[in-house]
Amino acid sequence: LVPGEIVVNEVNFVRKCIATDTSKQDLWGKLVCTNFKISFITDDAVPLLKFQYRNQLLGEHDIPLTCIEQVVTVNDGKRKQKVLGSNQKLKFNPTELIIYCKDFRIVRFCFDEAGPESAKKVCLAIAHYSQPADPQLLFGFEYVGKQYYNPAGDKVNGVDPGGGCGGGGGGVEGVQTPLFDRSSDWDREIKRTGGSEWRVCSINESYVISLSLPEYFVVPVSLADQDLKQFSVFFTGQRIPLWCWNHPNGSALVRMSSIKDMVQQRKLDQRICNAVTRSHPQRNDVYKSDLDKSLPTIQDVQAAFVRLKHICVIDPFEESDEKWLSSMESTHWLEYVRSFLKHSAELVHMLDGKHVSVVLQEEEDRDLNCVISSLVQVMLDPHFRSITGFQSLVQKEWVMAGYRFLDRCNHLKKSDKVESPLFLLFLDCVWQLLDQYPAAFEFTETYLTVLSDSLWIPVFSTFLFNCPQQRAEQSREFARSKNIHLGNEKVLQFPTVWDWSQQFTAKDQALFNNPLYVGKSATCVQNGAVKTFKRTKKNYSSTLRGMPSLRNGLLNEQEFIPRRNSLVLRLKPEFSLLKEPQESPSDQYIREWFSKPADLQGLILPQLLCSHIKVWKLCFLRWIPEAQINNGGYITAFHKVSVLADEIEMLQNRLRQYKGTPSTPGGSPETERCKMYFRASNISDTPPTPEYLTSSFPFSPVGNLCRRSSLGTPLSKFLSGAKIWISTETLANETL
Numbered sequence: 001l002v003p004g005e006i007v008v009n010e011v012n013f014v015r016k017c018i019a020t021d022t023s024k025q026d027l028w029g030k031l032v033c034t035n036f037k038i039s040f041i042t043d044d045a046v047p048l049l050k051f052q053y054r055n056q057l058l059g060e061h062d063i064p065l066t067c068i069e070q071v072v073t074v075n076d077g078k079r080k081q082k083v084l085g086s087n088q089k090l091k092f093n094p095t096e097l098i099i100y101c102k103d104f105r106i107v108r109f110c111f112d113e114a115g116p117e118s119a120k121k122v123c124l125a126i127a128h129y130s131q132p133a134d135p136q137l138l139f140g141f142e143y144v145g146k147q148y149y150n151p152a153g154d155k156v157n158g159v160d161p162g163g164g165c166g167g168g169g170g171g172v173e174g175v176q177t178p179l180f181d182r183s184s185d186w187d188r189e190i191k192r193t194g195g196s197e198w199r200v201c202s203i204n205e206s207y208v209i210s211l212s213l214p215e216y217f218v219v220p221v222s223l224a225d226q227d228l229k230q231f232s233v234f235f236t237g238q239r240i241p242l243w244c245w246n247h248p249n250g251s252a253l254v255r256m257s258s259i260k261d262m263v264q265q266r267k268l269d270q271r272i273c274n275a276v277t278r279s280h281p282q283r284n285d286v287y288k289s290d291l292d293k294s295l296p297t298i299q300d301v302q303a304a305f306v307r308l309k310h311i312c313v314i315d316p317f318e319e320s321d322e323k324w325l326s327s328m329e330s331t332h333w334l335e336y337v338r339s340f341l342k343h344s345a346e347l348v349h350m351l352d353g354k355h356v357s358v359v360l361q362e363e364e365d366r367d368l369n370c371v372i373s374s375l376v377q378v379m380l381d382p383h384f385r386s387i388t389g390f391q392s393l394v395q396k397e398w399v400m401a402g403y404r405f406l407d408r409c410n411h412l413k414k415s416d417k418v419e420s421p422l423f424l425l426f427l428d429c430v431w432q433l434l435d436q437y438p439a440a441f442e443f444t445e446t447y448l449t450v451l452s453d454s455l456w457i458p459v460f461s462t463f464l465f466n467c468p469q470q471r472a473e474q475s476r477e478f479a480r481s482k483n484i485h486l487g488n489e490k491v492l493q494f495p496t497v498w499d500w501s502q503q504f505t506a507k508d509q510a511l512f513n514n515p516l517y518v519g520k521s522a523t524c525v526q527n528g529a530v531k532t533f534k535r536t537k538k539n540y541s542s543t544l545r546g547m548p549s550l551r552n553g554l555l556n557e558q559e560f561i562p563r564r565n566s567l568v569l570r571l572k573p574e575f576s577l578l579k580e581p582q583e584s585p586s587d588q589y590i591r592e593w594f595s596k597p598a599d600l601q602g603l604i605l606p607q608l609l610c611s612h613i614k615v616w617k618l619c620f621l622r623w624i625p626e627a628q629i630n631n632g633g634y635i636t637a638f639h640k641v642s643v644l645a646d647e648i649e650m651l652q653n654r655l656r657q658y659k660g661t662p663s664t665p666g667g668s669p670e671t672e673r674c675k676m677y678f679r680a681s682n683i684s685d686t687p688p689t690p691e692y693l694t695s696s697f698p699f700s701p702v703g704n705l706c707r708r709s710s711l712g713t714p715l716s717k718f719l720s721g722a723k724i725w726i727s728t729e730t731l732a733n734e735t736l
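For what it's worth, full-length UniProt numbering labels the leading residue of the sequence shown as 1, then goes sequentially.
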């Protein structure tokens, strides 16, 4: 048990189902419900499990309560099933419990040998505690509160329960991630991007202007505080325009909510645009993008996500294999991913190509603006493609900007209507860019997947609240109710998700590091001496000479030459119809960019053909045995490249030793060779591929997924009715 965690209910002699059509491999043990998670405690070894990524906050069979989507109880004899809600009664003794998780897992327990009353009680406890009625009932409050009324100062895994929040979250390598909860973080960001005509504004200290804005944000120098206070009342949520980022050419990215007062709208629009124009060194015009009119709604995204779950988890592969891709297309999820990437690329054209500032407008400035502003910055600024930079981007454009993590993740299970996976959509878009430009990102898809999983661990302040003000208010109320004296602190010191040491060992964190990453500088060896050189566009492009030119990811018609006697037909009719005069300026800008080799430490643009937008398998299909490739998939290449990168690092360290140059002050060659998860055992040896590698690595579907049984179990019949992941309210009192 971690600090603040207590056992609520438990039942012995429970069977966890492993295989789909036999009980021979099932595990026997105790099912425990705490105020933090569901735990299954067993002494049995999981069959076929040779590796598992271990989270230090969660055991091998644990499920955080906030990760639970639905709790379904089944009585085999009476042929009854029920979706359990909070504080509901259960009129039959359950023989099975099925847990549907938000991370796409399905876990099934059977109570063949368990006491019927004990089984019923633990099911009701799980349903109750997985649907808290108040934010302060989320486990994070008890977890953090323990450090205040526990004078012993217990630590979890060697880390203080509330550590890593006050002065910035820790990074993978100990680099602090700015949290943008203080003016100095914004000052540094202004200086980093060269936004000399912008300043940090503190008119919202104590949240006196807007409850959803941070206390500190950036505004044009030409706008006085008094003017901003007067303007604020006309904006939805009093969310006055916020600066996001500055391009080296002087253009700026700004976000804002809509103006409520139609009478004042034109006047305020003109005033804001004039201020943004004056902040540009060439006084260029401003381009305004209304995202409510340009992109799918948050309800559209949620509906697509529900359909995606059905395709990836509910529908059995053996029955839908032939039509699986068309079914995936019908979800519209990939279509929406493409839409967000395309719109972001068009705005990159405005900022980088036309040198004009861009103002993003959305009704409340708390959903679509978060996605687009972040994607634009990832494409334009290589800093945000580093681990620390990406984490600072999420802090800046999501956490501090007031994205409703509490509501959109539906942590309180209050209403399905406000739920929407926009943050996951953003991570999917970033993964598409990572997949297309694997050497442009310091992090891996494992990092992105683990970050998405962290949404459902109710310990970190990052994903628990709708805005900084809510965190402060709930902290004060909780402190009063528990007689906690905060002292000089304004809020409870929750840990941030960026302190990865709370979840993973240093060894496991090495899986976040991308061996292909081309950073700001790289080392080379000339005449036995180690030198450092900048990866400029010129010298990087020279490595790609001879490559066919690409236009938005397509080979020129003249360069698409099939092999002699090839059965592949020459593609030309469709592409010949695309005349350049018909192209929009942004399409032409993108086409011209693709005609040149990419500078991975500069701007990157997405390839937008339907064939380029892929299913993020590691996130969506990792728990499905049928989708696994043993000793195959991306991870096999990752393993080889990691070993190669480690060998290069080993050689460079030996050269430094030979030249008498220490690796690091007081360091050793071995301590420097710690970035790669897969290590080179010896230069002369070629390490064999680990036998536990599968395309789901580092996750294991064994023991987590209950697929439809070929024997026709009640679960099979239940799933065939497609009654899952629709409104809990609809099913709450329904006997299926």
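Ideal Cβ placement from N, Cα and C applies to all residues, glycine included.
{"Query": "Could you have a look at LEU213 and say whether DSSP puts it in helix, strand or coil?", "Result": "coil"}
{"Query": "If I'm right that GLY402 touches SER212 with Cβ under 8 angstroms, what's the distance once you round it to whole angstroms?", "Result": "4 angstroms"}
{"Query": "Excluding sequence positions up to five away, which residues of its chain have a Cβ less than 6 angstroms from the Cβ of GLN299?", "Result": "none"}
{"Query": "Exposed or buried, which one is LYS507 when buried takes at least 16 other CB atoms within 10 Å?", "Result": "exposed"}
{"Query": "From GLU477, LYS309, GLU649, SER642, pick the residue whose C-alpha is nearest to that of ARG622; which is it?", "Result": "LYS309"}
{"Query": "What do you get for ASP225, buried or exposed, if any count of 16 or more other CB atoms within 10 angstroms of its CB means buried?", "Result": "exposed"}
{"Query": "Residues in its own chain within less than 8 angstroms of LEU464 by CB, not counting five upstream and five downstream?", "Result": "PRO135, LEU138, GLY140, PHE405, LEU406, HIS411, PRO458, ARG471, PHE494"}
{"Query": "With DSSP as the reference, label ALA252 as helix, strand or coil.", "Result": "strand"}
{"Query": "Can you name, in chain order, every residue of its own chain whose Cβ lies under 7 angstroms from the Cβ of SER326, other than the five neighbours on each side?", "Result": "none"}
{"Query": "Which of the three DSSP states, helix, strand or coil, is assigned to PHE235?", "Result": "strand"}
{"Query": "Given ILE604, which residues of its chain have a CB within under 7 angstroms of its CB, disregarding the five upstream and five downstream residues?", "Result": "MET379, LEU433, TYR437, ALA440, ALA598"}
{"Query": "What span of residues does the alpha helix (DSSP H) with THR636 cover, start to end?", "Result": "634-659"}
{"Query": "Mind checking which residues open and close the alpha helix (DSSP H) that includes TYR589?", "Result": "585-594"}
{"Query": "Would LEU444 pass as a contact of ASN514 if the rule is Cβ separation under 7 angstroms?", "Result": "Residue identity check: residue 444 is Thr in the sequence provided, not Leu. For THR444 and ASN514, yes; Cβs fall inside 7 angstroms."}
{"Query": "Are LEU31 and PHE92 closer than 7 angstroms when you measure CB to CB?", "Result": "no"}
{"Query": "How would you label ARG199, buried or exposed, when you count the other beta carbons within 10 angstroms and need 16 or more for buried?", "Result": "buried"}
{"Query": "From the DSSP output, read off the bridge partner residues of CYS17.", "Result": "Per DSSP, none; premise fails for CYS17."}
{"Query": "Is the beta carbon of SER251 closer than 7 angstroms to that of VAL356?", "Result": "yes"}
{"Query": "Along the beta strand (DSSP E) that carries THR73, what are the first and last residues, could you check?", "Result": "68-75"}
{"Query": "Are the beta-carbon atoms belonging to GLU346 and SER595 less than 7 angstroms from one another?", "Result": "no"}
{"Query": "So, for VAL397: in the same chain, excluding its five sequence neighbours on each side, which residues have a beta-carbon less than 7 angstroms away from its beta-carbon?", "Result": "It should be noted that the sequence gives Glu, not Val, for residue 397. Same-chain partners within the cutoff: CYS244, CYS370, SER373, SER374."}
{"Query": "Would a C-beta distance cut-off of 7 angstroms place ALA275 and LEU223 closer than the cut-off?", "Result": "yes"}
{"Query": "With H, G and I counted as helix, E and B as strand and the rest as coil, what does DSSP make of GLN361?", "Result": "strand"}
{"Query": "Rounded to a whole number of angstroms, what is the C-alpha to C-alpha distance between ARG15 and LEU425?", "Result": "36 angstroms"}
{"Query": "What are the uninterrupted segments assigned as beta strand (DSSP E) that are 3 or more residues long and contained completely in the stretch 242-307, given in chain order?", "Result": "242-246, 252-257, 286-290"}
{"Query": "Bridge partners of THR694, per DSSP?", "Result": "ASN630"}
{"Query": "Is ARG385 helix, strand or coil when you go by DSSP?", "Result": "helix"}
{"Query": "Please report the straight-line C-alpha distance between ALA637 and VAL518, rounded to a whole angstrom.", "Result": "17 angstroms"}
{"Query": "So for VAL7, helix, strand or coil by DSSP?", "Result": "strand"}
{"Query": "For PHE678 versus HIS639, is the C-beta spacing smaller than 7 angstroms?", "Result": "yes"}
{"Query": "Across which residues does DSSP place TRP198 in a beta bridge pair?", "Result": "PRO220"}
{"Query": "May I ask you to report which of helix, strand or coil DSSP gives residue 740?", "Result": "The structure shown does not extend to residue 740, since the chain is modelled only from 1 to 736, so the question has no answer here."}
{"Query": "Distance, Cα to Cα, LEU360 vs LEU242?", "Result": "10 angstroms"}
{"Query": "For GLU363, I'd like the list of residues in its chain whose CB is within less than 8 angstroms of its CB, leaving aside the five on either flank, ordered along the chain.", "Result": "THR236, SER257, SER258, ASP292"}
{"Query": "Over what stretch of residues does the alpha helix (DSSP H) that includes ARG105 continue unbroken?", "Result": "It is not in any alpha helix (DSSP H) - ARG105 carries neither H nor E in the DSSP assignment."}
{"Query": "So, helix, strand or coil for ASN369, using DSSP?", "Result": "helix"}
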